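Notes for the one structure printed next.
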Amino acid sequence: MELIIRKAGMLTSVQDLGRWGYQSSGVPVAGAMDLPALRIGNVMLGNPEGAAALEVTLLGPEIEVKGTGAAVFAGADLGFSVNGKAVGSWRSVVLKDGDVITFKGPRGKGCRGNLCFAGGVYIPPVMNSCSTYIRAKIGGVEGRALKIGDVIKIGEPAALWKKLEGFCLPEDLDPAQDANAPLAIITGLQEDAFTEEGKKLLFESEYTITAESDRMGCRLEGAKIEHTEKGADIVSDAIPLGAVQIPGHGMPIIMLADRQTTGGYTKIGVLTPLSMEALVQKMPGSKVRFRRADVSEGVAEQMRIKEAVRRAKELRLSHVSRTHSEAPKPLFGHFILTVEGKRYEITCEEI
Amino acid sequence: MSLYIKYPKYLTAGESCVVVEFADEIDRGANDAVMNLKKYLLTQKDISIVECLPTYRSLAVYFDPTVVSADEVINAAKSAPELDGEECASSFTEISIPVCYGGEYGPDIANVAEHAGISEEDVIKRHSSKSCHCYMIGFMPGFAYLGGMDESIATPRLTNPRTVINGGSVGIAGKQTGIYPIDSPGGWQLIGRTPLRLFTPEASRPTLIEAGYEVRFVPVAEEEYKKIEAEVAAGTYKPLITEAK
């Protein structure tokens, strides 16, 4: 299958789980902003959880489909539709030649998602990743956001993809968080660079996401957090995903997918993975609050995400292996055969 | 040695990263300890690590917390053998970076000469006379933070930064010297340019200089610069890297 981009949308780029392993060369990780959504969307289609997808921001692209395949929109509801008919998020759809994918616009419940295809977006990886890092023009399609006329190849889908039509993710596996819950910061790092009063303000005040926020960082405005006499600058060290960095101006910046590998501002802690998931869906102008968390809470969230991915995988298998009562029982499903001591895994598909 | 009494510090940075700090300032001993720990952790096959990121004074260790715990990573780091100071001082990797100084390659060399009160020839001599240590790579892909430049040629940044600087440009900013790996804006005083490619995304090792290397600038004439440039373009140039023990 191929995709022909007829309208690019606001910011559509190829992303996977990120370019890990090259930070010591100064190369930012990049990758999908909503990571749990990408992982779950991929396994719903039988892809590896890190397959590349198109990250869609707020106003989605218009895409013509060449060939056949299957897709799911994993993330906030941005009005994902096929031939004008609403499909929505977390529901797989089988695509046929000539179908047109459009997005009707955000529904007020978030601003981005991953358009995943069975077989994944097929692009030669750069430094082991397909993720686009626009600032240094690395990865994806020529290191840039998609534009009109781009032709995107889709890889070979996993067997039984034709049976994916209508497969929906149960609501309890949707990684989206309560949008009003305070964001959890695992405190530490240079926490002692801030005054007690400053820390108190951070956890008691409301902050507004500013319009300068992008894939690199989410800038906040609100009560100014004072540093101690040691100041806001440190000798540069690593910036993990979700680091809450507070420069001399006292306003927090939360470091996102396209963050630099290293930086010289004090960090009060790091957001938990599900708080990150909630944050990246917030529009500029949204209000956020913070609360303290510890490492064990972050680990528990990673476990929950992993479990949701595992269950989504299982549900897909049982969906594509189900039988129709009205039709004669066709031969399909998963078999394990042992012939002369050799184990074979076989997937059958009705044609 | 008072510096090391409260170090190393083992900090958790969220649930998926541990930072081992060896100092809170730029310190060669701390940086050597960072490189030593990185080398050690990469040999520990029973601890599953996603990536190690060395900086001036700390090592960030990224891992999957559903596979290995922060405590296990910290314990592995604590089991690293201590750095033998002598061994470290006597083993190093040095890379030679050919630079064509002055002229269109280094339009700000006169600023540096004037600021130091010396001739342009002396700027070149002082810049290339002693090797610099690469403490870390960061800021942008392939950008090496170098320390140890002759401080007599330290010069403040340009007051009016350039919007485009060619990749390969060698500059001075305060006491630092560095090489722009890719075309980018910036305010460093440009004194020369290297024909080498510092960052090659499609290569198996994308950066020419790695953290921990000694970097020696070697002055070359324009003719030699052009010859090397052609060899780099043809993929036949082999950078001069020497390992001493």
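Chains as they are written, first to last, in the working numbering: chain A, 1 to 351; chain B, 1001 to 1245. Even for Gly, the Cβ is constructed at its ideal location relative to N, Cα and C. Treat the numbers as computed from the prediction; the structure is a model and nothing was measured.
Chain B beta carbons: is any one of them nearer than 7 Å to that of Thr-262 (chain A)? It does; some Cβ of chain B falls within 7 Å.
So what does DSSP say about Asp-233 (chain A), is it helix, strand or coil? Here Asp-233 (chain A) sits in strand by DSSP.
Please name the residue, chosen from A:Gly-67, A:Gly-75 and A:Val-126, that lies closest to Pro-28 (chain A) on a Cα-to-Cα basis. The shortest Cα separation from Pro-28 (chain A) among A:Gly-67, A:Gly-75 and A:Val-126 belongs to A:Val-126.
So with CB distances below 9 Å, who are the chain A contacts of Pro-1239 (chain B)? In chain order: nothing, as chain A lies at least about 16 Å away.
Status (buried if at least 16 other CB within 10 Å, exposed otherwise) for Pro-1161 (chain B): Note on Pro-1161 (chain B): under 16 other CB atoms within 10 angstroms of its CB, so exposed under the neighbour-count rule.
Decide if the region 159-168 of chain A is in contact with the region 43-50 of chain A; the criterion is three or more beta carbon pairs, one per stretch, under 8 Å apart. Result yes; three or more Cβ-Cβ pairs closer than 8 Å.
Which of the three DSSP states, helix, strand or coil, is assigned to Tyr-1225 (chain B)? Helix.
Beta carbons nearer than 7 Å to chain A: which residues of the region 1056-1085 of chain B have them? Contact annotation: in the region 1056-1085 of chain B, residues whose CB is within less than 7 Å of a CB in chain A are Tyr-1056, Arg-1057, Ser-1058, Ala-1060, Pro-1065, Thr-1066 and Ala-1070.
So which of A:Gly-110, A:Gly-139, A:Trp-90 and A:Glu-221 has the shortest CA-CA distance to Asp-172 (chain A)? Residue A:Trp-90 is the option with its Cα nearest to Asp-172 (chain A).
Taking Val-14 (chain A) and Val-141 (chain A) to be in contact with their CB atoms under 8 Å, please state how far apart those CB atoms are, rounded to whole angstroms. Sure, about 6 Å apart at Cβ, within 8 Å.
Under 7 Å between C-beta atoms of Asp-77 (chain A) and Gly-84 (chain A): With respect to the 7 Å criterion, Asp-77 (chain A) and Gly-84 (chain A) are not classified as neighbours on the basis of their beta carbons.
List, in chain order, every chain A residue whose beta-carbon is nearer than 7 Å to that of Glu-1051 (chain B). Proximity of chain A to Glu-1051 (chain B) at the Cβ level (cut-off 7 Å) is accounted for by Trp-20, Gly-21 and Gln-23, in chain order.
Does Val-270 (chain A) have its Cβ less than 7 Å from a Cβ in chain B? At a cut-off of 7 Å between beta carbons, Val-270 (chain A) contacts chain B.
Name the DSSP beta bridge partners of Met-255 (chain A), please? Partner(s): A:Gly-217.
Output, in chain order, the set of chain B residues within a Cβ distance shorter than 8 Å of Lys-342 (chain A). Those within 8 Å of Lys-342 (chain A) in chain B number zero; the least Cβ separation is about 30 Å.
Could you tell me the distance, in whole angstroms, from the CA atom of Asp-97 (chain A) to the CA atom of Ser-81 (chain A)? Each residue's alpha carbon lies about 15 Å from the other.
Between which two residues does the beta strand (DSSP E) carrying Arg-1193 (chain B) extend? The continuous beta strand (DSSP E) containing Arg-1193 (chain B) extends over residues 1189-1193.
Listed by chain order, chain A residues near Val-979 (chain B) by CB distance under 8 Å: No information on residue 979 (chain B) is available, as it lies outside the stretch 1001 to 1245 that chain B covers here.
Along the chain, where does the beta strand (DSSP E) containing Arg-1216 (chain B) start, and where does it finish? Under the DSSP assignment, Arg-1216 (chain B) falls in the beta strand (DSSP E) whose first and last residues are 1214-1219.
For the region 1031-1043 of chain B against the region 1073-1080 of chain B, are there 3 or more C-beta pairs whose distance is under 8 Å? Output reads yes: the region 1073-1080 of chain B touches the region 1031-1043 of chain B.
In the DSSP assignment, what residue or residues form a beta bridge with Arg-292 (chain A)? Paired residues: A:Ile-185.
Report yes or no: is there a C-beta of chain A within less than 7 Å of the C-beta of Leu-1198 (chain B)? It does not: the Cβ of Leu-1198 (chain B) has no partner Cβ on chain A nearer than 7 Å.
Does the beta carbon of Asp-16 (chain A) come closer than 7 Å to any beta carbon on chain B? Interface residue (Cβ-Cβ distance to chain B less than 7 Å): Asp-16 (chain A) is not classified as such.
Can you name the residues of chain A whose CB is closer than 9 Å to the CB of Phe-1143 (chain B)? Near Phe-1143 (chain B) (Cβ distances below 9 Å), the residues of chain A are Gly-26.
Count the other C-beta atoms from every protein chain shown that fall within 10 angstroms of the C-beta of Thr-1236 (chain B), then say buried if there are 16 or more, exposed otherwise. The residue in question, Thr-1236 (chain B), is exposed, as its Cβ has fewer than 16 Cβ neighbours within 10 Å.
Assuming contact is defined by CB atoms lying nearer than 7 Å, are Arg-304 (chain A) and Ala-184 (chain A) in contact in what I supplied? No.
Measuring alpha carbon to alpha carbon, tell me which of A:Leu-256, A:Thr-210, A:Gly-105 and A:Glu-55 ends up nearest Cys-130 (chain A). Comparing C-alpha distances from Cys-130 (chain A) to each of A:Leu-256, A:Thr-210, A:Gly-105 and A:Glu-55 shows the shortest one belongs to A:Glu-55.
Taking a Cβ distance cut-off of 7 Å, strictly less, list which residues of the region 1020-1034 of chain B are near chain A, in chain order. Answer in chain order: Asp-1024, Glu-1025 and Ile-1026.
May I ask which residues mark the beginning and end of the alpha helix (DSSP H) holding Gly-41 (chain A)? Taken as a continuous stretch (DSSP letters only), the alpha helix (DSSP H) holding Gly-41 (chain A) covers 35-44.
Output the boundary residues of the alpha helix (DSSP H) element that contains His-1127 (chain B). In the DSSP assignment, His-1127 (chain B) falls within the alpha helix (DSSP H) that extends over 1120-1129.
When burial is assigned at 16 or more other CB atoms within 10 Å of the CB, is His-1127 (chain B) buried or exposed? His-1127 (chain B) comes out buried.
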